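Trainee:
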Amino acid sequence: MIKKLLESVLHRSSYLTNTLYSGEGYIFMLHRILPIEEKIKFDYNSSLAITPKGLEDFIRQFQENNFDIISLDDAFFRLKKPKKNKFICFTIDDGYKDNLTFGLPVFEKMNVPFTVYISSCFPENRAIYWWYFLETHIKRNESIDLSSIGINFKLNNLIDEQSKLDAFQKASQIIKPLSYEKHKEFALKICGLTQEELEGFNKQNNMTWDEIFELNKSSLVTIGAHTTDHVSLKNQSFQNSKNQIQESILLLENKLGEKMNHFAYPYGALTDAGKNEFNILKSLNIKSAVYNHPGSVFKQHLEFPYQLPRIGLTDETSISRLKKLFSGRLHFEFNGSNKILG
């Protein structure tokens, strides 16, 4: 009797979750599309990359399972007039060169639209890849000490893989909210890089303006904005946050000769953007903005377009996790009964 009751409750719970929280569609987040030999160079940051084959395989699976892969603009039409099939949108952050060299051929082969959010510091060759520099620093050293840049954070005895990985995760949470200037100070003073090395890393990894123009020629591509300096907006002053958003949008509009309608919050946790950012984006007539936080997209997002959820997609993303996403269970797990983030 108890077993049957539990089965009934679980079945009903699963049905209600699927009905209430599966939404109308889903937005996937990518950063880098890299061959496996390049991806494994930074294993602590493996969540930032997917192989071309992995991306193609996921797209094929989604298409074979009757998902409609559409642009962000079309997603808003779908929210107004939902269809039987769920939709999927692909988005890519920052402005990496591999988006053009390895990503575009996959999307063109599969005839799939996607949005690329450009942070101005990437084509200007002044991005601070602190997440990569931190990984290299920790792998090469048995301690990390941020006191020389005015931060009381120190970890010793980093002598095995687990202690180093833990240190990377802890230090990332300390470094992420900092200003662009502090990120640069970290790279120069803690990691020991030179200005020339910073610029060289940028030139090796970032799209140039000409490459962004080339990417934007594809009818499958939508370009969006992603701040000037790739900083956590909510952790900056209001004026700096406004400047980061506004100047990145204006620069892209001037360079590309078209209006920017879409925006992505750097890092994208719920602690990285809030009401101030929503209001700034609204004042600039931006159509949508995305987090990096799991969830489903609902009709209600028509009224809250600056609070869209996204979920990362890598070669390691499991089928079970995707099933949880598509059933609505992942949304409920991360957000409870709240359909709108923030």
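Sequential numbering from 0 applies to the sequence shown in numbering that gives the first Met the number 0. We treat Cβ as the ideally placed atom computed from N, Cα and C, and that holds for glycine. Note that the structure is a prediction, hence the values are computed from the model and not measured.
How many whole angstroms separate the CB atoms of A166 and L157, which I take to be in contact at a CB cut-off of 8 Å?
Mentor: Their Cβ separation, rounded to whole angstroms, is 5 Å, which keeps A166 and L157 in contact under 8 Å.
Trainee: Excluding the 5 residues preceding and the 5 following A272 in the sequence, name in chain order all residues of the same chain whose CB lies nearer than 6 Å to its CB.
Mentor: Counting only Cβ-Cβ distances below 6 Å, and skipping sequence neighbours, we find L232, K233, Y264.
Trainee: Would L340 and L214 be called neighbours here (beta carbons separated by less than 7 Å)?
Mentor: Result no, Cβ atoms of L340 and L214 do not sit closer than 7 Å.
Trainee: Would you mind listing the beta strand (DSSP E) stretches within the region 218–289 that are 3+ residues and don't spill past its ends, in chain order?
Mentor: Runs of the beta strand (DSSP E) inside the region 218–289: 220–224, 261–263, 287–289.
Trainee: For A48, which of helix, strand or coil comes out of DSSP?
Mentor: DSSP places A48 in strand when its eight states are reduced to three.
Trainee: Taking C-beta to C-beta, are I173 and F152 nearer than 7 Å?
Mentor: Contact: yes.
Trainee: Enumerated in chain order, which unbroken segments of the alpha helix (DSSP H) with a length of 4 residues or greater are wholly contained in the region 103–137?
Mentor: Listed in chain order, the complete alpha helix (DSSP H) runs (minimum 4 residues) inside the region 103–137 are 103–109.
Trainee: Smallest Cα separation from N204: which of Y131, E184, S317?
Mentor: If we check each option's Cα against that of N204, Y131 comes out closest.
Trainee: May I ask which residues mark the beginning and end of the beta strand (DSSP E) holding I26?
Mentor: From DSSP, the beta strand (DSSP E) with I26 extends over 24–29.
Trainee: Helix, strand or coil for L145, going by three-state DSSP, please let me know.
Mentor: In this structure, L145 counts as coil in the three-state DSSP scheme.
Trainee: Who are the Cβ neighbours of G311 in its own chain at under 8 Å, not counting the five residues just before and after it?
Mentor: Only F27, M28, L29, S46, N291 meet the Cβ criterion.
Trainee: How many angstroms separate the CA atom of A224 from the CA atom of M259?
Mentor: Roughly 7 Å between the two C-alpha positions.
Trainee: With C-beta atoms as the reference, is K85 less than 7 Å away from I127?
Mentor: No, these two residues do not count as a Cβ contact at 7 Å.
Trainee: What first and last residue would you give for the beta strand (DSSP E) that runs through F89?
Mentor: Its beta strand (DSSP E) spans residues 86–93.
Trainee: Count the other C-beta atoms from every protein chain shown that fall within 10 angstroms of the C-beta of P308, then say buried if there are 16 or more, exposed otherwise.
Mentor: Result: buried.
Trainee: Which residues share a DSSP beta bridge with I68?
Mentor: For I68, which the question treats as bridged, DSSP gives the partners I87.
Trainee: Taking Cβ to Cβ, would you say T114 is nearer than 7 Å to H300?
Mentor: No, these two residues do not count as a Cβ contact at 7 Å.
Trainee: Are K96 and M206 closer than 7 Å when you measure CB to CB?
Mentor: Yes, Cβ-Cβ distance for K96 and M206 is below 7 Å.
Trainee: Could you tell me whether the Cβ atoms of Q238 and T226 are closer together than 7 Å?
Mentor: Result no, Cβ atoms of Q238 and T226 do not sit closer than 7 Å.
Trainee: Does the beta-carbon of V289 have 16 or more other beta-carbons within 10 angstroms, so that it is buried, or is it exposed?
Mentor: Buried, by the Cβ-count rule.
Trainee: Any idea which residues DSSP pairs L154 with across the strands?
Mentor: Answer by DSSP bridge pairing, in chain order: I143.
Trainee: So what does DSSP say about N204, is it helix, strand or coil?
Mentor: Helix.
Trainee: Counting C-beta neighbours from all protein chains within 10 Å, is the total for F89 16 or more, i.e. buried, or is it exposed?
Mentor: Per the 10 Å Cβ criterion, buried.
Trainee: Hey, would you say V296 sits closer than 7 Å to G22, going by beta carbons?
Mentor: It is a contact, given that the beta carbons lie within the stated cut-off.
Trainee: Which same chain residues end up closer than 6 Å to R11 when comparing Cβ atoms and leaving out the 5 residues on each side of it in sequence?
Mentor: Residue placement at R11 is poorly supported in this model, since its pLDDT is 44, which falls under 50; the coordinates are not used for a value here.
Trainee: Looking only at C-alpha atoms, which of G327, L192, P122 sits nearest to G24?
Mentor: Considering only alpha carbons, the answer is G327.
Trainee: By a C-beta neighbour count over all protein chains shown, 10 Å radius and 16 as the cutoff for buried, is P104 buried or exposed?
Mentor: It is exposed - the Cβ of P104 has fewer than 16 other Cβ atoms within 10 Å.
Trainee: Compare the C-alpha of I91 against each of K188, R77, L54, I318 and name the closest.
Mentor: The residue with the shortest Cα to Cα distance from I91 is L54.
Trainee: Could you check where the alpha helix (DSSP H) with R328 kicks off and where it finishes?
Mentor: Its alpha helix (DSSP H) spans residues 328–334.
Trainee: Answer with buried or exposed for T193, where buried requires no fewer than 16 other C-beta atoms within 10 angstroms of its C-beta.
Mentor: Its Cβ having fewer than 16 others within 10 Å, T193 is exposed.
Trainee: Taking the C-alpha atoms as reference points, what is the distance between E276 and Y305?
Mentor: Whole-angstrom Cα-Cα distance: 8 Å.
Trainee: Measuring alpha carbon to alpha carbon, tell me which of L269, G94, I279 ends up nearest K241.
Mentor: Closest by alpha carbon: I279.
Trainee: Using DSSP's beta-bridge definition, name the partner residues of I345.
Mentor: Since the first residue of the chain shown is 0 and the last is 341, residue 345 is not available in this structure.
Trainee: Put G311 into one of helix, strand or coil per three-state DSSP.
Mentor: In this structure, G311 counts as strand in the three-state DSSP scheme.
Trainee: Drop a sphere of 10 angstroms on the beta-carbon of F76, count the other beta-carbons inside from all chains shown, and report buried for 16 or more, exposed for fewer.
Mentor: Burial call: exposed.
Trainee: If I measure Cβ to Cβ from K3 and keep anything under 7 Å in the same chain, skipping five residues before and after, which residues do I get?
Mentor: With a pLDDT of 42 at K3, under the threshold of 50, the predicted position of this residue should be treated as unreliable, though the coordinate-derived value follows. For K3, where only same-chain residues beyond five positions count, there are no Cβ hits under 7 Å.
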